[in-house]
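Read through the structure below, which is laid out as structure tokens, and then see the notes.
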Amino acid sequence: MSEKTDALVLFGATGDLAKRALYPALDQLQRRGRLGIPVIGVARSQWDDDELRQFARKAIEEFGPEGLDEQVFAGLSKSLSYIRGEYDSEDTYNRLREKLKGAQHPLAYLAVPPSIFDDVIRGLEHAGLASNGRVIVEKPFGRDLESARKLNRCLLRAFEEDDVFRMDHFMGKESVLDLLVFRFDNLILEPLWNRHYIKSVQITLAEDFGVQGRGAFYEEVGALRDVVQNHLMELVMLVAMEPPAASHQRALRDEKVKLLRAMRSFDPACAVRGQYEGYREEKRVAPDSDVETFFAVKTFIDNWRWSGVPFYLRAGKRMAATLTEVLVEFQRPPAPLFRDASLPRPHPNQFLFRLKPDEGMSLTVQIKESGNRLVSAPVELQYSYDENREALEETAYERLIGDALEGDPALFARSDAIEEAWQVVMPPLEAPPPLHPYEVGSWGPKKADELIDGGWHNRVPTPADGGAARL
Ligand code: NDP
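Residue 643 is where the sequence shown starts when you use my numbering, and the numbers rise one by one after that.
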């Protein structure tokens, strides 16, 4: 089914996600003429239509990337209405069905805690609102393989796979999509992009801040579940998957699943867990917490393209910098040009994809050093994305909600991919390696250095690099 969505229902319309991300994204879609359908908020709070509109107005004023434009908001406001009801009450869904009369393909956005998903899906199903409908659910998609399977069963009981949109805003980010385009629209890469030429791949997602008052949330999650199972795995897929054979959305999702199936499950002996000093003193964190705020792993992909190439992944909080990057290191030339052992060895070629901040990429190559000596020295060929593009670009939520409204699931995870990704990360969750404390502002525990030959790529972007985090 790829007919356009003709009504949007926001469950949890009074919540934090709705405020920070959904109303601002809907306002952007309205601004670009891509909405134009009724938007019905559903929640338990004793609100009416006007209170919902006020809430949306404030949310856009505070979080909208372009602020509030009265004319645009007037259009959005007109389409907004509210149903007050319990999520497990038949009456709520009967009233919703009345409001949705005439809508052929309503889209339900579950912006509610995961514990309520089951009630909402059952309510939609019993009211007959699921059979032609679509649904968006937010990450986390389970907290282990078992719970992910349960969530998938619950969703697929009521909806078709292509009508389930598992929202992870990371997958809608411009810089993540850059990687996809760069890999598959540049033929020169393809002959080199394999085990014969690539020595290793490093992926880092570092944050220089801590849990920012969300200790209770983080205690349930930890770094592996929070960002490795989803964001880092997504980057591995984009770097390593085979070219999708067709532009059909199915091809992209098929290739991702094939790659995940070839990935070796994380070996706890090749994984390092860390916790920043002072984490246990954070609010709503257990004084003896064993939750990791840093996770690093060395892993492999057992297919023809990547066999034997180590993939080093790491993510952590309160690290030396906030950045996301992918470093692809090539083999050194088989023999140096100058056989004089006193000369420095040529630096290996490296592609560095900077996803955040200072979005762009560089390729390190060797050139002849200036002067009399016939010696080579590394230089970086640099490309930086237009610094104005933040103002021009869609936010990830706008892009992804827009895709869901059009019924295009390409940038949303499919149920088999979710389960395969959990399969890969389960061993260190089931048998957690020891926890190593690390200093705030460092690159994580020293133990992580033992995983990697040649060391991690520890880059600290300068303040001029800019690039604030965006939803
Ligand atoms: P909230 O805790 O703000 O809950 C959203 C709404 O759900 C609330 O306004 C409330 O509405 C209703 N609700 C909350 N708790 C309960 C409960 N125990 N029983 C019944 N209803 C409840 O959640 P968020 O908006 O932060 O998150 C929504 C979803 O999005 C979650 O699945 C979350 O994991 C995910 N998410 C959130 C992000 C964020 O930035 N906030 C980022 C990424 C994902 P009312 O009482 O009016 O019914």
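Heads up, the beta-carbon is just placed ideally off N, CA and C, and yes, glycines get one too.
Residue pairing from DSSP places Tyr1080 in a beta bridge opposite Tyr918.
Glu971 carries a strand assignment under DSSP once its states are collapsed to helix, strand and coil. Linking Ser757 to Ala716 through their CA atoms gives a straight-line distance of about 34 Å. Segment contact: the stretch 1079-1095 against the stretch 906-926, three or more CB-CB distances shorter than 8 Å; contact assigned. DSSP lists Phe953 as the beta-bridge partner residues of Thr941. For the pair of segments examined, the stretch 842-852 was found not to touch the stretch 770-780: the number of CB pairs separated by less than 8 Å stays below three.
Boundaries around Gln670 are those of the alpha helix (DSSP H), 665-673, since no beta strand (DSSP E) includes it.
DSSP places Leu650 within a strand segment (E or B) once states are collapsed to three.
Excluding sequence positions up to five before and after Val1082, its CB lies within less than 7 Å of the CB of Tyr918, Glu919, Gly920, Arg960, all in the same chain and listed in chain order. Ligand 1 has a heavy atom closer than 7 Å to the beta-carbon of Glu780. Between Ala655 and Pro748, the C-beta gap is not smaller than 8 Å, which leaves the two residues out of contact. CA-to-CA, the gap between Arg699 and Gln670 works out to about 13 Å. About 5 Å separates the CB atoms of Ser719 and Arg695; that is less than 8 Å, so the two are in contact. Between Glu924 and Gly857, the C-beta spacing is below 8 Å. In the assembly as shown, Asn828 is an exposed residue. Its beta-carbon has fewer than 16 other beta-carbons within 10 Å. Look at Lys743 here: in three-state DSSP terms it is coil, with no helix or strand label. Rounded to whole angstroms, the gap between the alpha carbons of Val970 and Ile1094 is 14 Å. Val843 has its alpha-carbon roughly 17 Å from the corresponding atom of Val1066. When DSSP states are grouped into helix, strand and coil, Tyr735 belongs to the helix group.
The C-beta distance from Ile778 to Phe812 rounds to 15 Å, too long to fall under 8 Å, and the pair is not in contact.
Cβ-Cβ distances below 6 Å link Gly1002 to Arg996, Tyr1025, Ser1026, Tyr1027 in the same chain, with the five nearest sequence neighbours on each side left out; the list follows chain order. Val899 and Pro886 have their C-alpha atoms some 11 Å from each other. Between the stretch 825-839 and the stretch 945-957, the count of Cβ pairs shorter than 8 Å is three or higher; the stretches touch. Going by C-alpha positions, Pro1070 is about 49 Å away from Glu740. In the DSSP annotation of this structure, the continuous segment of the alpha helix (DSSP H) that includes Tyr860 starts and ends at 857-861. For Tyr751, the secondary structure class from DSSP, reduced to helix, strand or coil, is strand. Here the distance from the Cβ of Gly657 to the nearest heavy atom of ligand 1 is below 7 Å. In this structure the stretch 936-944 does not touch the stretch 963-980; the number of beta carbon pairs closer than 8 Å is below three.
Taken in chain order, the unbroken stretches of beta strand (DSSP E) that lie wholly in the stretch 788-834 and span 3 residues or more are 806-809. Exclusion of the five residues before and after Trp1098 leaves Gln844, Thr846, Tyr954, Arg956, Trp1085, Ala1090, Asp1091 as the residues of its chain whose Cβ lies within less than 8 Å of its Cβ. By the Cβ neighbour-count rule, Ser1018 is buried, with 16 or more other Cβ atoms within 10 Å of its own. If you draw a 10 Å sphere on the C-beta of Lys1010, you find fewer than 16 other C-beta atoms in it, and that means exposed.
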